[in-house]
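Chemist: Chains as they are written, first to last, in this note's numbering: chain C, 1 to 281; chain P, 282 to 629; chain R, 630 to 922. Glycine is no exception: its CB is placed at the ideal position from the N, C-alpha and C atoms.
This is the structure we're talking about:
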C-alpha cells in the first residue's frame, strides 16, 4: 500500500517528522550509551549527563578492551565470536544434513526422527535450565567452548527451513544427477549445497545474531571469568547495591558487545531480512 | 548402440497396478514414441527404463543385458527431461560435463566431447553462461547436449518439447529427428502430443490406462487403429464414432456383413463425403463451419445427437449452418469396433 | 513431504541424522525427562537422599503465593511488552509505508536494534534510568517525580517492560512493513476513490488485511516475552524488588540456581514445558491456516 494515494505539503513534512521522531525514540538509548562512552565518570555522576559526545572515546574504549573489569573485553569478544560462529556453523551443518536425510531418503523411523527434531521447538533452554546444566556438568563441559556451543546447536527451525528449500528443488534435478552417475554424497556436495548458498547465507546472519546474543546459557556454564562471553560478562560489571562503577567503561563495553551483530545486520540487510522472514515460516 | 526389449512390464504402487504388462521390442537405432493422454503410464514406463522407478514385474533389457536391478548410471542411457533439469548453478559447459566428470574421464577428453556436442547443437557461444541466461530453446539444446556427450546406448526423452512455444516446438522436433538419425542412437520418446508422435516416430506405442493399445508405424496406426481409443486419440480432428445399430440396415444394403458384431462404427473426417439428403448413410444438420483456408471442417449434428466432423478439401464450402445434408462414407474406410472398443477383424 | 525419487542407502540417512539426534537426545530429551522425574522428588536438606512426593511439588507450587504471583507478573509483563512493542512498530510501519521515496534509510535505521541482545538492552535502559546518575530520573525529578526502580516494584516493572518492548520493536516493524507492502495498491486506491479517509481506509481495509501478520506477531511476541527476556530481567532488576519482576522463567532460574530448590525448579520446568507446548500448538494451527489462506 505504499504511497497511500496523494499527500502534499505539510502532510508530507508531518509524515517525515513523525518517522524521524520514531527513529529518535528507538535510537535514543543507544545514543545515550554512546555519549556516556565518550565522557568521564565525573561527567556522569553529576546529573544531568551531557547530551553531546565528549573527547574521551579512545581512552574509554582502550580501557574497556584491554582492562575491563577483571576480564579484558577483547577476551570476552573473542569468546563470543567463537561461541557465535560455533553455534552458527554447527546449527547449519547438522540441520542441512538431517534435512537432506529426511527429504531425500526413505528409511525406517524417518517420521519418528522428524517429530523428534520437531519437538525440540517446545524445549527452549530457559525451560530446562537445571537438568541441562546438570548434563553439561556431568559431561565436564563447564567452562569450555564445547559446553558453550554444543547444547545450543540442535535446531528444528533450521532443519525445517532446509527441508522446505529442498522440497522446492525439482525432482528432475535428482533424477538428472542420478543418470549422470552422482550418488547421494556427490549430489549433496555438487548440486544441493551450491543451490542452497543464499539460504545458508541468510540463515548464517540470523544464527550469528542468535549465537552472539546468548545470555542465560553462558551465564550458567562459564564460572571462569576467562570464558565469559561479552553479552553475559557485562553483567559482572554492573553495580550491585551502591557500589560505584565506571559507567563510561561499561557503556563502551555495551557498545562493543552490540557492534558485531549490528554490523552484520547493517551490511547484510537483504540476507538478514530474507533469513528472518524465512526462518519464521 | 543397442536394442531395448520390454517384457511384460508391470508397475504397482501399493495394491494399485498402473502398468498392466507392456511388451515391446525396440530395434537398434530406432526412434520409438510412446504417446498417450496424461496419466496413461507412459512416463512411468520411460522412468522404469531409465532406472528411476523400480520394475514391479517383467524385465527390461538394454543391449541384451537385463537392467532391472541396475542403477541409472549403470544402464548406459541418457535422459532429456521436460523441464530440462539443468543444474542452475553450473555453466552450460559444466552441465554437459558433469556426467563425464563423475565417470572419471580426463579433462581434455571432457573438453573435446563437450565442444563437439556444443558445435553440433550450435551452443558454442553459450558455454560459459548459466542456464537462467538462456532462452527456452537453448536450454532444451543444453539438455540434449548433456545427453549426447555421454554417447549412451539409448536416449530417453520425457516430453522434452512441452515447455516450448508452438513455433519453437516444430523446429526443435525436426532438429531432434535429424540429430537422432545422424547419431543413430536407439531412442524412447514420450509425449502426449499426437502430432509430435506422428512426425517423429519410426514406430509408436499408443498407451492408455497402463496398456499399450497399439504398436506400429505412424501410418499403420493411423490407417488401422486397433481400438476406439487409438482411433480417437490419433488424428485431428478425431475419428467420428457412430452407433452401429442404427446404421446396420443401411450398411447391409451396401455390402458384406462384417459389421455384424460391431457396436461402434468409426469414420475419419476426411472419409465422410457429402451427398443429398436420404441418399447416404445418414442425414445430419450443419451446426457450424470452420474455414481453415486449405480445408474446411463441417461440424454436423445427426438426428440421434451424435457429432460428426467432415473434412472438406473445398475451401469455399457453400453449405450454411442449419442446412440438412446427407453423408456417405468412402468405401473401405469404415472401422468397426466391438463393445470393448476393439477392432472387429474382417471375416471372410 | 518427500521426493518422488530417493536415494537407496541403508545406513547413510542414519549417519546424516546422527549428529542432530544425538545432540537432541543428550541436551533436550534427557534433561526434559530429568525435569519430569525430579519434579516428583524432594531432596533432603543435606542433599544426601531424595524422597518421592508424587505431585507434591506441584501441589506446593500451586499453593505458593510467590509462584502464583509470578504467573500474574508474567501475564502483566507479556501483555504490556506485546502491546507497546506491536503498536509502536505498527505506527512506524504505517508511516514508513506511506513514504514513497527514501523509505530505505528509514527502514535501515529502524531495523538494526534487532541485533542488540536482550541483556545489552537491559544494560542500556538500566543506565538511562539509574536512580542516581540516569538521565531520565533527573528529568523526572525536575517535574517532581522521584524515580527509583530499585525500591518501587511498579517502576521496576515499567522499566523491564520498556526495555523488553524496545528490543522487539525492530522485529515487529519489519513484519508489519512487509505485511503492509504486500497489500495490493489497487485495493487501497479503490477505497480512496470510494472516498474513504486515511483512517477509515486503515480501519476497514488495511487492518483486516494485516490480521494474519498481527496474529503471527502476537504469538511471537508472547513467546518472546515469556522465554527470551531473561537477560532483560536479570540485568535490570534480578527479579526484584520483592520479586515484583520475577517472571516464570526467571523464577525457574532463581529457585534452581540461587535457591537450590531442585524439586520445585523441576516442577516449574514441567509447567513451562506445558506452556511452550500450548504456544507451539497455537503457532502451528496458525501456520497451517496461513498455508491454506
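Identify the continuous beta strand (DSSP E) that holds residue 109/C and give its terminal residues.
Modeler: For the purposes of this step, residue 109/C is taken as residue 109 along the first chain, with counting starting at 1. Residue 109/C -> no beta strand (DSSP E), and no H or E assigned at all.
Chemist: Count Cβ pairs between the segment 767-784 of chain R and the segment 682-692 of chain R that sit closer than 8 Å; are there 3 or more?
Modeler: Output reads no: the segment 682-692 of chain R does not touch the segment 767-784 of chain R.
Chemist: Does residue 442/P pass the burial test, meaning 16 or more other C-beta atoms within 10 Å, or should it be called exposed?
Modeler: What you label residue 442/P is simply residue 161 of the second chain in a count that begins at 1. The residue in question, residue 442/P, is buried, as its Cβ has 16 or more Cβ neighbours within 10 Å.
Chemist: List, from N- to C-terminal side, the beta strand (DSSP E) runs of 3 residues or more that fit wholly inside the segment 533-579 of chain P.
Modeler: Segments of the beta strand (DSSP E) lying fully in the segment 533-579 of chain P: 545-548, 553-556, 563-572.
Chemist: Can you list the residues of chain C that residue 797/R reaches, using a CB-CB cut of under 7 Å?
Modeler: Here residue 797/R refers to the residue found at position 168 when the third chain is read from its first residue. Ordered by position in chain C, no residue passes the 7 Å Cβ test against residue 797/R, which lies about 11 Å from the chain.
Chemist: Can you confirm whether residue 359/P, when its beta carbon is compared against all beta carbons of chain C, has any partner nearer than 8 Å?
Modeler: Counting from 1 along the second chain, the entry for residue 359/P is found at position 78. Chain C, which has a Cβ nearer than 8 Å to the Cβ of residue 359/P, makes this yes.
Chemist: Mind checking who residue 347/P pairs with in its DSSP beta bridge?
Modeler: If you number the second chain from 1, residue 347/P lands on position 66. The partner list for residue 347/P (beta bridge, DSSP) reads 342/P.
Chemist: Quick one: Cα of residue 649/P to Cα of residue 397/P, how far?
Modeler: Look at the range of chain P in this structure, 282 to 629, and you will see that residue 649/P is not part of it.
Chemist: Hey, could you find the ends of the beta strand (DSSP E) residue 360/P is sitting in?
Modeler: Position 79 of the second chain, counted from the first residue, corresponds to residue 360/P. Note, residue 360/P: beta strand (DSSP E), 358-361.
Chemist: Hey, does residue 195/C have any beta-carbon neighbour from chain P nearer than 8 Å?
Modeler: Within the first chain, the letter at position 195 stands for residue 195/C. Interface residue, yes.
Chemist: Does chain C have any CB closer than 8 Å to the CB of residue 840/R?
Modeler: On the third chain, position 211 is the one that residue 840/R refers to. Residue 840/R does not count as touching chain C.
Chemist: Using the C-alpha atoms, what's the distance from residue 550/P back to residue 583/P?
Modeler: Taking the second chain and counting its residues from 1, the one referred to as residue 583/P is at position 302. Taking the second chain and counting its residues from 1, the one referred to as residue 550/P is at position 269. Cα to Cα, the separation comes out at about 14 Å.
Chemist: Is residue 190/C buried or exposed, if buried means 16 or more other CB atoms sit within 10 Å of its CB?
Modeler: Numbered from its first residue, the first chain carries residue 190/C at position 190. Burial call: buried.
Chemist: If you draw a straight line from the alpha carbon of residue 513/P to that of residue 520/P, how long is it in whole angstroms?
Modeler: Numbered from its first residue, the second chain carries residue 513/P at position 232. Numbered from its first residue, the second chain carries residue 520/P at position 239. Their backbone Cα atoms lie some 5 Å apart in a straight line.
Chemist: Do you know whose CA, among 320/P, 304/P, 323/P, 364/P, lies nearest residue 339/P's CA?
Modeler: Counted from its first residue, the second chain places residue 339/P at position 58. Closest by alpha carbon: 304/P.
Chemist: Quick check: what's the CA-CA separation for residue 621/P versus residue 107/C?
Modeler: Here residue 621/P is taken as the residue at index 340 of the second chain, counted from 1. Here residue 107/C is taken as the residue at index 107 of the first chain, counted from 1. Using only the alpha carbons, I get a separation of about 44 Å.
Chemist: Going along the segment 148-174 of chain C in order, which residues come within less than 7 Å of chain P, judged by CB to CB distance?
Modeler: Those would be 170, 172, 173, in chain order.
Chemist: To the nearest angstrom, how far is it from the Cα of residue 78/C to the Cα of residue 669/R?
Modeler: As a first step, residue 78/C must be located in the first chain, where it is residue number 78. As a first step, residue 669/R must be located in the third chain, where it is residue number 40. Their Cα atoms are separated by approximately 42 Å.
Chemist: Exposed or buried, what is residue 612/P when buried is set at 16 or more other beta-carbons lying within 10 Å of its beta-carbon?
Modeler: Start at 1 with the first residue of the second chain, and residue 612/P comes out as number 331. When all chains shown are included, residue 612/P counts as exposed.
Chemist: Examine chain C for any beta-carbon lying closer than 8 Å to the beta-carbon of residue 464/P, and answer yes or no.
Modeler: What you label residue 464/P is simply residue 183 of the second chain in a count that begins at 1. Chain C, which has no Cβ nearer than 8 Å to the Cβ of residue 464/P, makes this no.
Chemist: For a contact defined as C-beta to C-beta under 9 Å, what are the partners of residue 638/P on chain C?
Modeler: Nothing in the structure corresponds to residue 638/P, since chain P is present only between 282 and 629.
Chemist: Spatial neighbours of residue 734/R within its chain, please: C-beta separation below 8 Å, excluding the five flanking residues on both sides.
Modeler: Locating residue 734/R in the third chain gives position 105, where the first residue counts as 1. Closer than 8 Å at Cβ, skipping near neighbours: no residue.
Chemist: To which residues of the same chain is residue 51/C closer than 7 Å at the C-beta, ignoring the five residues directly before and after it?
Modeler: Taking the first residue of the first chain as 1, we reach residue 51/C at position 51. Around residue 51/C: 35.
Chemist: Could you have a look at residue 601/P and say whether DSSP puts it in helix, strand or coil?
Modeler: Within the second chain, the letter at position 320 stands for residue 601/P. Coil.
Chemist: If I follow the unbroken beta strand (DSSP E) through residue 313/P, where does it start and stop?
Modeler: Along the second chain, one-based indexing puts residue 313/P at 32. It spans 312-316 - the beta strand (DSSP E) in which residue 313/P sits, taken as one unbroken run.
Chemist: State yes or no: is the beta carbon of residue 110/C nearer than 8 Å to at least one beta carbon in chain P?
Modeler: As a first step, residue 110/C is located in the first chain; it is residue number 110 there, counting from the start. Output row for residue 110/C: interface = no.
Chemist: Going along the segment 178-211 of chain C in order, which residues come within less than 8 Å of chain P, judged by CB to CB distance?
Modeler: Of all residues in the segment 178-211 of chain C, 178, 179, 180, 181, 182, 186, 190, 191, 194, 195, 197 have a Cβ within less than 8 Å of some Cβ in chain P.
Chemist: Compute the minimum distance between the beta carbon of residue 227/C and the heavy atoms of the ligand SAM, and state whether it is under 7 Å.
Modeler: Because no ligand of any kind appears in the structure shown, any question about the ligand SAM cannot be addressed here.
Chemist: Measure the C-alpha to C-alpha separation of residue 416/P and residue 846/R and round it to an integer number of angstroms.
Modeler: The sequence position of residue 416/P within the second chain is 135, counting from 1. The sequence position of residue 846/R within the third chain is 217, counting from 1. If you take the alpha carbons of residue 416/P and residue 846/R, they lie about 42 Å apart.
Chemist: Which residues does DSSP list as the beta-bridge partners of residue 287/P?
Modeler: The residue you call residue 287/P lines up with position 6 of the second chain. Residue 287/P is bridged to 305/P, 341/P.
Chemist: Among 515/P, 603/P, 487/P, which one has its Cα closest to the Cα of residue 320/P?
Modeler: Mapped onto the second chain, residue 320/P falls at position 39. Checked all of 515/P, 603/P, 487/P; the closest Cα to residue 320/P is 487/P.
Chemist: Tell me the DSSP bridge mates of residue 679/R?
Modeler: Position 50 of the third chain, counted from the start, is the residue given in the question as residue 679/R. Answer is 672/R.
Chemist: By how many angstroms is the C-alpha of residue 831/R removed from the C-alpha of residue 5/C?
Modeler: Counting from one through the first chain, the residue named residue 5/C turns up at place 5. Counting from one through the third chain, the residue named residue 831/R turns up at place 202. Caution is warranted here: a pLDDT of 47 is assigned to residue 5/C, below 50, making its placement in the model unreliable, and the coordinate value is therefore given only provisionally. If I take the Cα positions, the gap works out to 13 Å.
Chemist: Nearest chain P C-beta to residue 176/C closer than 8 Å, yes or no?
Modeler: As a working note, residue 176/C is residue 176 in the first chain. Yes, because at least one Cβ of chain P sits closer than 8 Å to the Cβ of residue 176/C.
Chemist: Listed from N- to C-terminal order along the chain, which residues in the segment 735-750 of chain R have their beta-carbon within a distance smaller than 9 Å of any beta-carbon of chain C?
Modeler: The residues in question are 735, 736, 737, 738, 739, 740, 741, 742, 743, 744, 745, 746, 747, 748, 749, 750.
Chemist: Three Cβ pairs or more, each shorter than 8 Å: is that satisfied between the segment 783-802 of chain R and the segment 848-862 of chain R?
Modeler: The segment 783-802 of chain R, when compared against the segment 848-862 of chain R, does touch it at the 8 Å Cβ threshold.
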